[in-house]
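**Q**
Chains as they are written, first to last, in the numbering used here: chain A, 1 to 526; chain B, 1 to 211.
#1: For residue 10 of chain B, go through chain A and note every residue whose CB falls closer than 7 Å to its CB, in chain order.
#2: Drop a sphere of 10 angstroms on the beta-carbon of residue 64 of chain A, count the other beta-carbons inside from all chains shown, and report buried for 16 or more, exposed for fewer.
#3: Would a check of beta-carbon distances place residue 394 of chain A closer than 8 Å to chain B?
#4: Taking 8 Å as the threshold (beta carbon to beta carbon), is residue 58 of chain B in contact with chain A?
#5: State whether the stretch 80-94 of chain A contacts the stretch 160-175 of chain A, with contact taken as three or more CB pairs (one from each stretch) at a distance under 8 Å.
#6: If distances are taken between C-alpha atoms only, which option among B:151, B:118, B:101 and B:67 comes closest to residue 51 of chain B?
#7: Have a look at residue 1 of chain A and residue 373 of chain A and give me their C-alpha separation to the nearest angstrom.
#8: State yes or no: is the beta carbon of residue 207 of chain B nearer than 8 Å to at least one beta carbon in chain A?
#9: Please confirm whether residue 140 of chain B and residue 392 of chain A have their CB atoms less than 8 Å apart.
#10: From which residue to which residue does the alpha helix (DSSP H) around residue 125 of chain B run?
#11: Could you give the distance in angstroms between the alpha-carbon of residue 258 of chain A and the alpha-carbon of residue 346 of chain A?
#12: Specify the secondary structure class of residue 95 of chain A as computed by DSSP and reduced to three states.
#13: Give, in chain order, every residue of the stretch 454-481 of chain A whose Cβ lies closer than 7 Å to some Cβ of chain B.
#14: Whose Cβ in chain A lies nearer than 7 Å to the Cβ of residue 161 of chain B?
#15: Count the other C-beta atoms from every protein chain shown that fall within 10 angstroms of the C-beta of residue 417 of chain A, then say buried if there are 16 or more, exposed otherwise.
#16: Of the residues that make up the stretch 117-147 of chain B, which ones have a beta carbon closer than 9 Å to any beta carbon in chain A?
#17: Check the Cβ of residue 411 of chain A against every Cβ in chain B and list those closer than 9 Å, keeping chain order.
#18: Can you give the Cα-Cα distance for residue 485 of chain A and residue 62 of chain A, rounded to whole angstroms?
#19: Excluding five sequence neighbours on each side, which residues of the same chain lie with their C-beta closer than 6 Å to the C-beta of residue 108 of chain B?
#20: Determine the direct distance from the alpha carbon of residue 78 of chain A to that of residue 515 of chain A, and round the result to whole angstroms.
#21: Pick out whichever of A:355, A:442, A:348 and A:4 has its Cα sitting closest to the Cα of residue 246 of chain A.
#22: Which of the three DSSP states, helix, strand or coil, is assigned to residue 217 of chain A?
#23: Measuring only the C-alpha atoms, how far is residue 244 of chain A from residue 71 of chain A?
#24: Got a sec: is the Cβ-Cβ distance from residue 488 of chain A to anything in chain B below 8 Å?
#25: How many Å lie between residue 27 of chain A and residue 413 of chain A at the Cα?
#26: Going along chain E, which residues have a C-beta under 7 Å from residue 115 of chain B?
#27: Residue range of the alpha helix (DSSP H) that residue 536 of chain A falls in?
#28: If you follow the alpha helix (DSSP H) that residue 9 of chain A is in, where does it begin and where does it stop?
#29: Answer yes or no: do residue 37 of chain A and residue 357 of chain A have a C-beta to C-beta separation smaller than 8 Å?
#30: Am I right that residue 210 of chain A and residue 242 of chain A are in contact with their C-beta atoms under 8 Å? What's the rounded C-beta distance?
#31: Provide the residue span of the beta strand (DSSP E) that contains residue 96 of chain B, from first to last.
#32: Since residue 164 of chain B sits in a beta bridge, which residues does DSSP pair it with?
#33: Rounded to whole angstroms, what's the CA-CA distance from residue 359 of chain A to residue 25 of chain A? Just pull it up for me.
#34: Based on the DSSP secondary-structure assignment, which residues constitute the bridge partners of residue 173 of chain A?
#35: Round the Cβ separation of residue 132 of chain A and residue 43 of chain A to the nearest angstrom and send it over; I've been treating them as touching at under 8 Å.
#36: From B:135, B:11, B:167 and B:158, pick the residue whose C-alpha is nearest to that of residue 79 of chain B; which is it?
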């Protein structure tokens, strides 16, 4: 008998990175790592469930920048070449460790794994990862939702209401383009909410979104059922709150499953461990060492000493952890049910890339968990849309402004280290709005292209990733540079328009490089 | 449901600590280093020669203000920059409450303020005191509703039923005039009324309040 519901949500996002001017660019490597270690392994597990006749439900956000990159021909070609090199390295690794039985097993595992990934990519996926998402959405297993057009931190952009509106409108249009249907739901970038956002969402056909728990508990009035049932905002958009208990089991590297001693260690990688002369063809051409994905050790403990990774032991442990998660959720649901007048619902949102990239065995965990749920029939996995069909009467509250970032509000994206960006983004949005009205009937093709590119630069500059990386001080130089680049590009195009001049070489270069949303129309800002 | 059920569910919702998703995959990837190529440095404007005053919340107790004041605006009001002040104001319909004030002193600047005004609508007014002591406003910021950190239940809950074609307000009982819950409920009902109007429902479709 079903006692409650589980709504798993994976948020898939990478910032738009495309550098066609380089054969190899380190930030593009982020995408390739995520495809090989997260997106394809997740899709492989979904296929495994399908082949075994296991029904499952998963809500996955594919952000517009990620969808655009996964669909980009230049990046897909580069990924295919990257995979070929991974297989070349896998073969070299087998030769390198052939006399060491312990390492030989792991090298053999990677060899098989990369062949499987390449076969799946060129076969089932037709050389486009998005095809996998479409397949499982068509089967009803996946609810694909959207996100802000470029993952803009909407509360801090809301000084210009149009900026928020366009982030949502472009997201919905991009989703429609890639998945052939309008999104029912949205993953708000960083779960960041401000009062009034629900109106924009409702006007764009969005039926539900997600918040961190305090957004609902501190709502006006507080959500009577906590995060264990959704609420409606006054605009009739459903807000689903994150369950902290189940979140922590995966997010936390110390208390959560991923920190278990037998799981694969994230940091030890031959990209850093092996001599340069051996590894140089597989790291950055300028000699910067990167993760190759070939990692031979397990977490073991907190010291530098690491055991060799034992795949069989890790697979046994991940099955146990899936059973444990199921057991804990069942107990959680039983406790909650005593205080509720309907079956409890547990919402567990995670960054998708934590599954496979950070927690290597994460996709296997999901496979075993869905199998356990299908077997026990006590917890039913659901999508938010399915839940709202079953329970369409919900409390109306005004959610509290909040985010899922450190400390729960806007601190990560607005502090002394990154506050300088907002002045520029706000002025750019204001100018874009003015220009969209002024040039509403523009027929000059060059000016139209300039205006469209200005909108692309504005949207790319709004990405929350840059402010985030400035705060964490990782890739700080790159994130500052990217922000300044988009501001400068926008302003240079603005000056051309104002002075009635044009630099076609510059425009064409930007259209090629910052090519996100090729069909965009600046009039959306009017 | 009993009152202690609501408290239990709130506590379970918040969890035992303030755990948040402070591990981002983008950060993990970025830790590998970056391939920032050399070459062009991108120059961005130091100022825009536009009058602007922007208010943004940071968290429950901290807010951020930035501004740019042009010479033209100062000349228009015949006022020096050293006389300018900014007032932080909570707005509730017709009534206003001053929360904080600071001296502006520069034409281009930013300031972090510390005050708490949960769920209140707040804005900034920049201006100066004239000879009669009146505060003359020269710039007004955007309005922002601040975050909340209070658990407040109400008996005047509003529920909504939504299906593909209809939406219905299930419950909207009248509370005691002046209770803290009333303002949020009133806000909800006002919003629902507005929504109904925009979406082609008449206010007559809303259920009557029970006396």
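Just so it is clear, CB atoms sit at the ideal spot from N, CA and C, and this is done for glycine as well.
**A** In short, the structure shows the following:
#1: On the second chain, position 10 is the one that residue 10 of chain B refers to. Here the neighbours are 217, 222 and 226.
#2: For this step, residue 64 of chain A is matched to residue 64 along the first chain. It is buried - the Cβ of residue 64 of chain A has at least 16 other Cβ atoms within 10 Å.
#3: As a first step, residue 394 of chain A must be located in the first chain, where it is residue number 394. Answer yes: the Cβ-Cβ gap between residue 394 of chain A and chain B drops below 8 Å somewhere.
#4: Stepping through the second chain from its first residue, residue 58 of chain B is reached at position 58. Cβ-Cβ to chain A under 8 Å: yes for residue 58 of chain B.
#5: no
#6: Locating residue 51 of chain B in the second chain gives position 51, counting from the first residue. With distances taken between Cα atoms, residue 51 of chain B lies closest to B:67.
#7: Position 1 of the first chain, counted from the start, is the residue given in the question as residue 1 of chain A. Position 373 of the first chain, counted from the start, is the residue given in the question as residue 373 of chain A. Approximately 11 Å between the Cα atoms of the pair.
#8: Position 207 of the second chain, counted from the first residue, corresponds to residue 207 of chain B. Confidence is the limiting factor: at residue 207 of chain B the pLDDT is only 32, short of 50, which leaves the residue's position unreliable and the question unanswerable from this model.
#9: Indexing the second chain from 1 puts residue 140 of chain B at position 140. Indexing the first chain from 1 puts residue 392 of chain A at position 392. Result no, Cβ atoms of residue 140 of chain B and residue 392 of chain A do not sit closer than 8 Å.
#10: Residue numbering aside, residue 125 of chain B sits at position 125 when the second chain is read from its first letter. Counting along the chain, residue 125 of chain B falls outside any alpha helix (DSSP H), though it belongs to the beta strand (DSSP E) covering 121-129.
#11: In the first chain, residue 258 of chain A corresponds to position 258, counting from 1. In the first chain, residue 346 of chain A corresponds to position 346, counting from 1. Taking the straight line joining both Cα atoms gives about 20 Å.
#12: Working through the first chain from its first residue, we reach residue 95 of chain A at position 95. DSSP places residue 95 of chain A in helix when its eight states are reduced to three.
#13: 465, 468, 469, 472, 474, 475, 477, 478 and 481
#14: Numbered from its first residue, the second chain carries residue 161 of chain B at position 161. Chain A residues near residue 161 of chain B: 392 and 393.
#15: Mapped onto the first chain, residue 417 of chain A falls at position 417. By the neighbour-count rule (16 or more Cβ atoms within 10 Å), residue 417 of chain A is not buried but exposed.
#16: 118, 119, 121, 141, 142, 144, 145, 146 and 147
#17: Walking along the first chain from the start, residue 411 of chain A turns up at place 411. Chain B residues near residue 411 of chain A: 58, 59 and 62.
#18: Mapped onto the first chain, residue 485 of chain A falls at position 485. Mapped onto the first chain, residue 62 of chain A falls at position 62. About 25 Å.
#19: Looking up residue 108 of chain B in the second chain gives position 108. Around residue 108 of chain B: 47 and 68.
#20: As a first step, residue 515 of chain A must be located in the first chain, where it is residue number 515. As a first step, residue 78 of chain A must be located in the first chain, where it is residue number 78. Between residue 515 of chain A and residue 78 of chain A, the C-alpha separation is close to 16 Å.
#21: In the first chain, counting from the first residue as 1, residue 246 of chain A sits at position 246. Cα-wise, what sits closest to residue 246 of chain A is A:348.
#22: The sequence position of residue 217 of chain A within the first chain is 217, counting from 1. Helix, per DSSP.
#23: In the first chain, residue 244 of chain A corresponds to position 244, counting from 1. In the first chain, residue 71 of chain A corresponds to position 71, counting from 1. In a straight line, the C-alpha of residue 244 of chain A is about 34 Å away from that of residue 71 of chain A.
#24: For this step, residue 488 of chain A is matched to residue 488 along the first chain. Interface residue, yes.
#25: Start at 1 with the first residue of the first chain, and residue 27 of chain A comes out as number 27. Start at 1 with the first residue of the first chain, and residue 413 of chain A comes out as number 413. Roughly 21 Å between the two C-alpha positions.
#26: The structure shown contains no chain E; its protein chains are A and B.
#27: With chain A covering 1 to 526 only, the question about residue 536 of chain A has no answer from this structure.
#28: As a position in the first chain, residue 9 of chain A is number 9, starting the count at 1. No alpha helix (DSSP H) contains residue 9 of chain A, which is instead part of the beta strand (DSSP E) from 4-12.
#29: Here the question's residue 37 of chain A lines up with position 37 in the first chain. Here the question's residue 357 of chain A lines up with position 357 in the first chain. It is a contact, given that the beta carbons lie within the stated cut-off.
#30: In the first chain, the residue the question calls residue 210 of chain A occupies position 210. In the first chain, the residue the question calls residue 242 of chain A occupies position 242. Yes, they are in contact, since the Cβ atoms of residue 210 of chain A and residue 242 of chain A sit about 7 Å apart, within 8 Å.
#31: The sequence position of residue 96 of chain B within the second chain is 96, counting from 1. Where residue 96 of chain B is concerned, the enclosing beta strand (DSSP E) stretches over 95-103.
#32: In the second chain, counting from the first residue as 1, residue 164 of chain B sits at position 164. DSSP output for residue 164 of chain B lists no bridge partner at all.
#33: Within the first chain, numbered from 1, the residue matching residue 359 of chain A stands at position 359. Within the first chain, numbered from 1, the residue matching residue 25 of chain A stands at position 25. The straight-line gap from Cα to Cα measures roughly 25 Å.
#34: Indexing the first chain from 1 puts residue 173 of chain A at position 173. For residue 173 of chain A, which the question treats as bridged, DSSP gives no partner whatsoever.
#35: Position 132 of the first chain, counting from 1, holds the residue named residue 132 of chain A. Position 43 of the first chain, counting from 1, holds the residue named residue 43 of chain A. Going by Cβ atoms, the distance from residue 132 of chain A to residue 43 of chain A rounds to 4 Å, so yes, they are a contact pair.
#36: In the second chain, residue 79 of chain B corresponds to position 79, counting from 1. With distances taken between Cα atoms, residue 79 of chain B lies closest to B:135.
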